[in-house]
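Peer 1: Residue numbers (our numbering): 48 to 262.
Where is the CB? At the ideal position from N, CA and C, for every residue including glycine.
No experiment lies behind these values; they were computed from the predicted model shown.
Just dropping this structure here.
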Ligand SMILES: [Cu+2]
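Shown next, in the form of structure tokens:
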């Protein structure tokens, strides 16, 4: 214990010994766990995805290594405990440095998400056992989203087939939408479709149908 006193104040040592260890250890342990968990999560959230994964794996590997070392050597002195703590946390320090360096570089890509994800805002509605449109124009050669709203009191879906004959047989579906209950809505990820005319229908009520035109 004498090695610890060279850097710390004697008073701290006195207080430590007066408070029973069974009380101190859980409190300190919880505080350390909370601080480490919050710190790591903050770092990981600030990092780009690939770097976050690497840092998380690095931290996990270090935790395993340090505890294996502690477990094998029952007695670890104060100084080496501090060193182990430092080793345990160094991936976080590296992560913080990487995060700080990347803040400037990664601001621009944030604009991409809303622009790319928004699409054309395609939507279709089923009401009174009928779709609100007989023709659905969609972008060709790319993935897009179709928002399907069902304010009816019965269940519907939207599926896409090469043509009406396939729809009648429910064969060769190009897309099969999940059936949703009345009062619900859903966003279907669709495409990519080659340019051309296809057939969409509600599989529950095949008389609800129309042409899906990809262009
Ligand atoms: Cu239907």
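DSSP three-state label for residue 77, please.
Peer 2: Here residue 77 corresponds to residue number 30 of the chain shown, with the count starting at 1. Three-state result, residue 77: helix.
Peer 1: Residues bridged to residue 193 by DSSP?
Peer 2: Residue 193 sits at position 146 when you count from the first residue of the chain shown. Looking at the DSSP assignment, residue 193 forms a beta bridge with 169, 235.
Peer 1: Just verifying my parser: in three-state terms, what is the DSSP assignment at residue 117?
Peer 2: Mapped onto the chain shown, residue 117 falls at position 70. Correct three-state label for residue 117: helix.
Peer 1: Hey, is residue 185 close to ligand 1, as in C-beta under 7 Å from one of its heavy atoms?
Peer 2: For the purposes of this step, residue 185 is taken as the residue at position 138 of the chain shown. No.
Peer 1: As a quick exercise: from 239, 228, 229, 212, pick the residue whose alpha carbon is nearest that of residue 222.
Peer 2: Within the chain shown, numbered from 1, the residue matching residue 222 stands at position 175. The closest CA to that of residue 222, considering only 239, 228, 229, 212, is found on 239.
Peer 1: Let me know the secondary structure DSSP gives residue 72 once reduced to three states.
Peer 2: Taking the chain shown and counting its residues from 1, the one referred to as residue 72 is at position 25. Three-state result, residue 72: helix.
Peer 1: Should residue 220 and residue 207 be called a contact, given that it needs their Cβ atoms to be closer than 8 Å?
Peer 2: Translated into the one-based positions of the chain shown, residue 220 becomes position 173. Translated into the one-based positions of the chain shown, residue 207 becomes position 160. Yes; because the gap between Cβ atoms is below 8 Å, this pair is in contact.
Peer 1: Give a single yes or no on whether residue 96 has its beta carbon closer than 7 Å to a heavy atom of ligand 1.
Peer 2: The residue you call residue 96 lines up with position 49 of the chain shown. Flag unset: Cβ of residue 96 not near ligand 1.
Peer 1: So, for residue 249: in the same chain, excluding its five sequence neighbours on each side, which residues have a beta-carbon less than 7 Å away from its beta-carbon?
Peer 2: Residue mapping note: residue 249 aligns to position 202 of the chain shown, counting from 1. So the qualifying residues of the chain are 173, 203, 204, 205, 255.
Peer 1: Any heavy atom of ligand 1 closer than 7 Å to the CB of residue 251?
Peer 2: Start at 1 with the first residue of the chain shown, and residue 251 comes out as number 204. Within the cutoff, so yes.
Peer 1: Would you mind giving the Cβ-Cβ distance between residue 192 and residue 242, rounded to the nearest angstrom? I have them listed as a contact below 8 Å.
Peer 2: Working through the chain shown from its first residue, we reach residue 192 at position 145. Working through the chain shown from its first residue, we reach residue 242 at position 195. Actually they do not touch by this definition, with Cβ atoms about 19 Å apart.
Peer 1: Smallest Cα separation from residue 182: which of 232, 215, 246?
Peer 2: Against the chain shown, residue 182 aligns to sequence position 135. Of the listed residues, the one whose Cα sits closest to residue 182 is 246.
Peer 1: Cα separation between residue 199 and residue 175?
Peer 2: Stepping through the chain shown from its first residue, residue 199 is reached at position 152. Stepping through the chain shown from its first residue, residue 175 is reached at position 128. Answer to the nearest angstrom: the Cα atoms are 6 Å apart.
Peer 1: Run the CB neighbour count on residue 5, radius 10 Å, all protein chains shown included, and call it buried at 16 or more, exposed below.
Peer 2: Residue 5 lies beyond the range of the chain shown here (48 to 262); nothing can be said about it.
Peer 1: Exposed or buried, what is residue 261 when buried is set at 16 or more other beta-carbons lying within 10 Å of its beta-carbon?
Peer 2: Along the chain shown, read from residue 1 onward, the residue named residue 261 stands at position 214. Buried, because 16 or more other Cβ atoms sit within 10 Å of the Cβ of residue 261.
Peer 1: Does DSSP classify residue 158 as helix, strand or coil?
Peer 2: The residue you call residue 158 lines up with position 111 of the chain shown. Note that residue 158 has pLDDT 41, beneath the 50 cutoff, so the model's placement of it is unreliable and the number below is only indicative. It is helical.
Peer 1: Taking the C-alpha atoms as reference points, what is the distance between residue 120 and residue 82?
Peer 2: Position 73 of the chain shown, counting from 1, holds the residue named residue 120. Position 35 of the chain shown, counting from 1, holds the residue named residue 82. The alpha-carbon atoms of residue 120 and residue 82 are separated by roughly 26 Å.
Peer 1: Nearest by alpha-carbon distance to residue 107: which of 95, 88, 258 is it?
Peer 2: Here the question's residue 107 lines up with position 60 in the chain shown. That would be 88, whose Cα lies nearest to the Cα of residue 107.
Peer 1: What is the residue span of the alpha helix (DSSP H) that residue 214 lies within?
Peer 2: Looking up residue 214 in the chain shown gives position 167. Here the alpha helix (DSSP H) through residue 214 covers 211–216.
Peer 1: Based on DSSP bridge pairs, tell me the residues matched to residue 92.
Peer 2: Position 45 of the chain shown, counted from the start, is the residue given in the question as residue 92. Per DSSP, none; premise fails for residue 92.
Peer 1: Tell me the DSSP secondary structure of residue 260 in three-state form.
Peer 2: On the chain shown, residue 260 is found 213 positions in, with the first residue counted as 1. Three-state result, residue 260: strand.
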